[in-house]
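Colleague:
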Amino acid sequence: MLRYAKLLAIQLRASALLSLQYRLDFFVGGVMSLFWTAAALIPLAVLFQQRETVAGWTWHEALLVVAWFNVLKGVLEGGVQPALQNVVEHIRKGTLDFLLIKPVDSQFMVSTSRFEPWKAVDLLGGLALLGWALWKLRVVPSPGALLATGLLLVGAVAILYSLWILVVSLAFVVVKIDNLSYLFASIYDAARWPASVYRGALSFVFTFVIPLAVMTTYPALAILGRLGPEQVLGALGGALAFSLAARMVWTRAIGRYTSAGG
Amino acid sequence: MSSSAARPRLGLLRAIPSLMRVGFAEAVAYRAEFLVWILATNMPLIMLLLWSAVAKEAPVGRFGEAEFGAYFLATLIVRLVTSSWVIWDLNFEIRQGTIGMRLLRPLHPFVWYAAENLAALPMRAMVALPVAAIALLWLGAGQLNPDPVAWAIVPVALIGAWAMTFCAMAMIGSLGLLWESSLSVFQLWLGLYFVIGGYVLPLELLPDWLYAVVRWLPFRYLLSFPVETMLGLIDRREALGALAVQWGYAALFLAGALAVWRRGLARYSAFGG
Chain A
2 MLRYAKLLAI QLRASALLSL QYRLDFFVGG VMSLFWTAAA LIPLAVLFQQ RETVAGWTWH
62 EALLVVAWFN VLKGVLEGGV QPALQNVVEH IRKGTLDFLL IKPVDSQFMV STSRFEPWKA
122 VDLLGGLALL GWALWKLRVV PSPGALLATG LLLVGAVAIL YSLWILVVSL AFVVVKIDNL
182 SYLFASIYDA ARWPASVYRG ALSFVFTFVI PLAVMTTYPA LAILGRLGPE QVLGALGGAL
242 AFSLAARMVW TRAIGRYTSA GG
Chain B
6 MSSSAARPRL GLLRAIPSLM RVGFAEAVAY RAEFLVWILA TNMPLIMLLL WSAVAKEAPV
66 GRFGEAEFGA YFLATLIVRL VTSSWVIWDL NFEIRQGTIG MRLLRPLHPF VWYAAENLAA
126 LPMRAMVALP VAAIALLWLG AGQLNPDPVA WAIVPVALIG AWAMTFCAMA MIGSLGLLWE
186 SSLSVFQLWL GLYFVIGGYV LPLELLPDWL YAVVRWLPFR YLLSFPVETM LGLIDRREAL
246 GALAVQWGYA ALFLAGALAV WRRGLARYSA FGG
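One line per chain: the protein sequences are A and B, in this order. Take 2 as the starting number for the first sequence in our numbering and just add one per residue. Take 6 as the starting number for the second sequence in our numbering and just add one per residue.
1. Let's test the definition: count the other Cβ atoms within 10 Å of the Cβ of residue 88 (chain B) and tell me whether it reaches 16, buried, or not, exposed.
2. Anything in the stretch 194-211 of chain A with a Cβ closer than 7 Å to a Cβ of chain B? List those residues in chain order, please.
3. Since I believe residue 125 (chain B) is in contact with residue 303 (chain B) (beta carbons under 8 Å), could you give me their beta-carbon distance rounded to a whole number of angstroms?
4. Could you give the residue range of the alpha helix (DSSP H) that holds residue 204 (chain A)?
5. Between residue 9 (chain A) and the rest of its own chain, which residues show a CB-CB distance below 7 Å, the 5 nearest in sequence each way excluded?
6. Rounded to whole angstroms, what is the Cα-Cα separation between residue 11 (chain B) and residue 166 (chain A)?
7. For chain A, find out if any of its Cβ atoms is closer than 8 Å to the Cβ of residue 65 (chain B); answer yes or no.
8. From this set, A:218, A:181, A:51 and A:31, which residue's C-alpha is nearest residue 199 (chain A)'s C-alpha?
9. Answer yes or no: do residue 122 (chain B) and residue 234 (chain B) have a C-beta to C-beta separation smaller than 8 Å?
10. Who are the near neighbours of residue 133 (chain B) in its chain, counting only those whose CB is closer than 7 Å to its CB and skipping five residues on each side?
11. Report the residues of the stretch 244-275 of chain B with a CB closer than 8 Å to any CB of chain A, ordered along the chain.
12. Keeping to the same chain, check which residues put their C-beta closer than 7 Å to that of residue 228 (chain A); ignore five residues upstream and five downstream.
13. Cutting at 8 Å between CB atoms, please list the residues of its own chain near residue 107 (chain B), excluding the five before and the five after it.
14. Roughly how many angstroms lie between the CA atoms of residue 183 (chain A) and residue 38 (chain B), to the nearest whole one?
15. Alpha carbon to alpha carbon, how far is residue 173 (chain B) from residue 94 (chain B)? Give it in angstroms, no decimals.
16. By Cβ distance, which residues of its chain are closer than 8 Å to residue 250 (chain A), with the 5 residues on each side in sequence left out?
17. From which residue to which residue does the alpha helix (DSSP H) around residue 1 (chain A) run?
18. Along chain B, which residues have their Cβ under 7 Å away from the Cβ of residue 187 (chain A)?
19. Comparing alpha-carbon positions, which option in B:161, B:182, B:144 and B:145 lies nearest residue 246 (chain B)?
20. What three-state label does DSSP hand residue 11 (chain A) in the structure shown?
21. Relative to chain A, which residues along the stretch 226-237 of chain B have a C-beta separation below 8 Å, given in chain order?
22. State the Cα-Cα distance for the pair residue 71 (chain B) and residue 64 (chain B), rounded to the nearest angstrom.
23. Hey, is residue 51 (chain A)'s beta-carbon within less than 8 Å of any beta-carbon in chain C?
24. Counting only Cβ pairs nearer than 8 Å, list the residues of chain B close to residue 154 (chain A).
25. What in chain A is Cβ-close to residue 51 (chain B), meaning under 7 Å?
26. So, with DSSP's three-state summary, where would you put residue 146 (chain B)?
27. Taking only the alpha-carbon atoms, compute the straight-line gap between residue 29 (chain B) and residue 111 (chain A) and give it to the nearest angstrom.
28. Looking at residue 136 (chain A) and residue 1 (chain A), is the spacing between their C-beta atoms short of 8 Å?
29. Output, in chain order, the set of chain B residues within a Cβ distance shorter than 9 Å of residue 33 (chain A).
30. Extract the residue ranges of the alpha helix (DSSP H) inside the stretch 209-241 of chain B, only unbroken runs of 4 or more that lie entirely within it.
31. Is any beta-carbon of chain A found at less than 8 Å from that of residue 58 (chain B)?
32. When burial is assigned at 16 or more other CB atoms within 10 Å of the CB, is residue 62 (chain A) buried or exposed?
33. Kindly indicate which three-state DSSP category residue 200 (chain B) falls into: helix, strand or coil?
34. Does the distance from the C-beta atom of residue 176 (chain B) to that of residue 227 (chain B) stay below 8 Å?
35. Going by the CB atoms, is the gap between residue 213 (chain A) and residue 77 (chain A) shorter than 8 Å?
36. What are the boundary residues of the alpha helix (DSSP H) that includes residue 2 (chain A)?
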């Protein structure tokens with residue numbers, strides 16, 4: 002366990018050094034994140050100019066969902082996606098083998114191969130938006146609500162990460178980096194909206210198949226104190242099941258991987 | 006005896022069918038990727054469900070449930086038919102140095118990329134057609150523009166949208182010869198395209214001041230303008246004006262792409278490197 006922690010620290014340090022090398026990227030990345038936060042609010046703002054509530058959510062409540070979306074996006078793009086792109090590149094070049102022969106768990110190895118620390122700007126932007134929306138709503142979250150939100154966020158990160166593991170497993174079949182990360186982003190993007198907006202089949206898909214609702218809408222409800230303990234536990238159980246399933250798919254995918262040159 | 010000036014031009018004409026054949030074969034060979042790409046183009050469908058759920062309570066502007074349905078299905082069709090990916094190829098080949106292979110050949114790489122791109126069109130049309138059929142069956146022809154002249158504009162607008170997309174991508178991609186971060190410029194471009202190109206909402210729903218600005222920016226002409234023409238959201242006269250702006254932008258981007266390419270090439274030194 003200690004060995005893994007040490008390894009993680011080394012990988013993080015390497016990534017930080019690497020990103021400091023490209024200072025312009027660092028700066029551009031930060032400005033872009035802020036720009037995105039603002040631009041992504043346009044459709045929502047247009048919508049709420051027409052009505053007071055949409056699917057039972059007011060403007061400021063919906064902003065809570067957007068805020069968690071941003072926080073998780075920071076985690077996704079800073080901590081999860083860079084490594085994804087790396088793995089797909091490794092698969093294409095046939096250099097994945099070098100990662101696989103190392104005497105550590107293959108999933109750990111590929112998951113920590115690269116980070117992009119400056120995406121923390123997204124995370125901070127999300128938290129700022131969260132604070133603002135809560136202030137506007139005049140809501141001070143209770144300790145219980147905060148605990149529930151925290152737990153749900155852990156679950157959300159687990160789901161996000163598992164989704165990513167599933168996408169990488171897919172990369173063994175479909176070898177092109179840009180499309181895959183684009184697919185991932187396009188699915189995740191639906192989490193920007195409160196889940197109750199989606200109806201019918203899509204609502205089922207986003208709750209049970211790709212649990213987007215659990216990722217952003219539940220934490221928003223939790224911080225408002227509107228989520229019962231059984232829903233929190235259910236979401237956490239779902240996240241756990243999802244992670245285990247992703248782990249299983251990964252082990253199978255890596256088992257069938259015949260390396261490059263074949 | 007042929008003059009040496011006429012020769013490359015003749016070669017170009019002869020090369021294009023072969024390039025198209027190669028491009029088509031590639032499109033077929035990478036069908037799994039193609040499928041991923043189609044799946045990734047799901048945003049109009051999500052937006053469709055989202056906005057029509059909202060419109061169920063009351064229409065937004067002049068958009069009711071059916072209008073939103075028609076709008077986003079048309080968006081999907083336009084996107085399927087006009088998109089391009091030259092920037093990914095350019096970026097990849099510049100970084101890997103394999104672009105040198107293309108430089109050795111007598112054709113301008115842009116011609117080559119364009120041919121590869123267009124060759125995939127039959128396959129993409131095959132995906133777009135069912136969408137169009139569903140849209141027609143589900144929503145009826147009442148949502149379509151009744152003006153036949155407008156329908157004569159539509160194909161030109163679609164070609165214009167493709168040309169703009171292609172040239173802008175070639176321009177930004179060529180920046181990669183000069184500067185490592187061309188992809189982040191493109192991310193910015195893509196984001197603007199989504200938000201103010203008409204991908205996530207009909208542009209006329211934007212606040213007036215923003216709509217006035219957006220009408221002069223290139224993004225509307227990549228996506229929203231052909232859609233607006235197909236659905237009769239703008240009249241014939243307005244569509245013709247928009248067409249002029251669109252093709253103006255396409256020419257501008259082409260000139261820009263060629264200029265950046267030439268400057269970049271002078272600085273590029275990664276042959277075989």
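We treat Cβ as the ideally placed atom computed from N, Cα and C, and that holds for glycine.
Modeller: If we stick to the structure as given:
1. Working through the second sequence from its first residue, we reach residue 88 (chain B) at position 83. Counting Cβ neighbours within 10 Å, residue 88 (chain B) comes out buried, since at least 16 surround it.
2. 194, 198, 199, 200 and 203
3. A query on residue 303 (chain B) cannot be resolved here, the shown segment of chain B reaching from 6 to 278 and no further.
4. Here residue 204 (chain A) is taken as the residue at index 203 of the first sequence, counted from 1. That run of the alpha helix (DSSP H) goes 201-205.
5. The count along the first sequence starts at 1 and reaches residue 9 (chain A) at position 8. Here the set comprises 113.
6. Mapped onto the second sequence, residue 11 (chain B) falls at position 6. Mapped onto the first sequence, residue 166 (chain A) falls at position 165. For residue 11 (chain B), the predicted structure reports a pLDDT of 48, less than 50, and the residue's modelled location is therefore unreliable. The matter cannot be settled from this model.
7. Translated into positions along the second sequence, residue 65 (chain B) becomes position 60. At least one chain A Cβ lies under 8 Å of residue 65 (chain B).
8. As a first step, residue 199 (chain A) must be located in the first sequence, where it is residue number 198. Of the listed residues, the one whose Cα sits closest to residue 199 (chain A) is A:218.
9. Walking along the second sequence from the start, residue 122 (chain B) turns up at place 117. Walking along the second sequence from the start, residue 234 (chain B) turns up at place 229. It is not a contact, given that the beta carbons lie outside the stated cut-off.
10. Indexing the second sequence from 1 puts residue 133 (chain B) at position 128. The answer, listed in chain order, is 82, 85 and 86.
11. none
12. As a working mapping, residue 228 (chain A) is identified with position 227 in the first sequence. Closer than 7 Å at the Cβ level, and outside the excluded window around residue 228 (chain A), lie 149, 219 and 222.
13. By one-based count along the second sequence, residue 107 (chain B) stands at place 102. 98, 114 and 117, listed in sequence order.
14. As a working note, residue 183 (chain A) is residue 182 in the first sequence. As a working note, residue 38 (chain B) is residue 33 in the second sequence. One C-alpha to the other measures close to 12 Å.
15. By one-based count along the second sequence, residue 94 (chain B) stands at place 89. By one-based count along the second sequence, residue 173 (chain B) stands at place 168. Whole-angstrom Cα-Cα distance: 14 Å.
16. Counting from 1 along the first sequence, the entry for residue 250 (chain A) is found at position 249. Cβ neighbours of residue 250 (chain A) beyond the five flanking positions: 166, 167 and 170.
17. Because residue 1 (chain A) is not part of the residues shown, which for chain A are 2 to 263, the question remains open.
18. Here residue 187 (chain A) is taken as the residue at index 186 of the first sequence, counted from 1. Chain B residues near residue 187 (chain A): 45, 47 and 48.
19. Translated into the one-based positions of the second sequence, residue 246 (chain B) becomes position 241. Taking only the C-alpha atoms, the option nearest residue 246 (chain B) is B:161.
20. Numbered from its first residue, the first sequence carries residue 11 (chain A) at position 10. Looking at residue 11 (chain A) - three-state DSSP - the assignment turns out to be helix.
21. none
22. Counting from one through the second sequence, the residue named residue 71 (chain B) turns up at place 66. Counting from one through the second sequence, the residue named residue 64 (chain B) turns up at place 59. Going from the Cα of residue 71 (chain B) to the Cα of residue 64 (chain B) covers about 10 Å.
23. No chain C is present in this structure, whose protein chains are A and B.
24. Locating residue 154 (chain A) in the first sequence gives position 153, counting from the first residue. Residues of chain B passing the Cβ test: none, with the nearest at roughly 24 Å.
25. As a position in the second sequence, residue 51 (chain B) is number 46, starting the count at 1. Neighbours of residue 51 (chain B) on chain A, chain order: 191.
26. Start at 1 with the first residue of the second sequence, and residue 146 (chain B) comes out as number 141. DSSP places residue 146 (chain B) in helix when its eight states are reduced to three.
27. Within the second sequence, residue 29 (chain B) is the residue found at index 24, counting from 1. Within the first sequence, residue 111 (chain A) is the residue found at index 110, counting from 1. For residue 29 (chain B) and residue 111 (chain A), the distance between alpha carbons rounds to 35 Å.
28. Nothing can be reported for residue 1 (chain A): it is not among the residues displayed for chain A, which extend from 2 to 263.
29. Walking along the first sequence from the start, residue 33 (chain A) turns up at place 32. Those are 189, 192, 193 and 196, listed as they occur along chain B.
30. 213-219 and 229-236
31. By 1-based counting over the second sequence, the position of residue 58 (chain B) is 53. True, the Cβ-Cβ gap to chain A drops below 8 Å.
32. Within the first sequence, the letter at position 61 stands for residue 62 (chain A). So residue 62 (chain A) counts as buried.
33. Numbered from 1 along the second sequence, position 195 holds the residue referred to as residue 200 (chain B). In the structure shown, residue 200 (chain B) sits in a helix (DSSP, three-state: H, G or I).
34. One-based indexing of the second sequence puts residue 176 (chain B) at position 171. One-based indexing of the second sequence puts residue 227 (chain B) at position 222. It is not a contact, given that the beta carbons lie outside the stated cut-off.
35. Mapped onto the first sequence, residue 77 (chain A) falls at position 76. Mapped onto the first sequence, residue 213 (chain A) falls at position 212. Cβ distance not < 8 Å, so residue 77 (chain A) and residue 213 (chain A) don't count as in contact.
36. Numbered from its first residue, the first sequence carries residue 2 (chain A) at position 1. Taken as a continuous stretch (DSSP letters only), residue 2 (chain A) belongs to no alpha helix (DSSP H), as it is neither H nor E.
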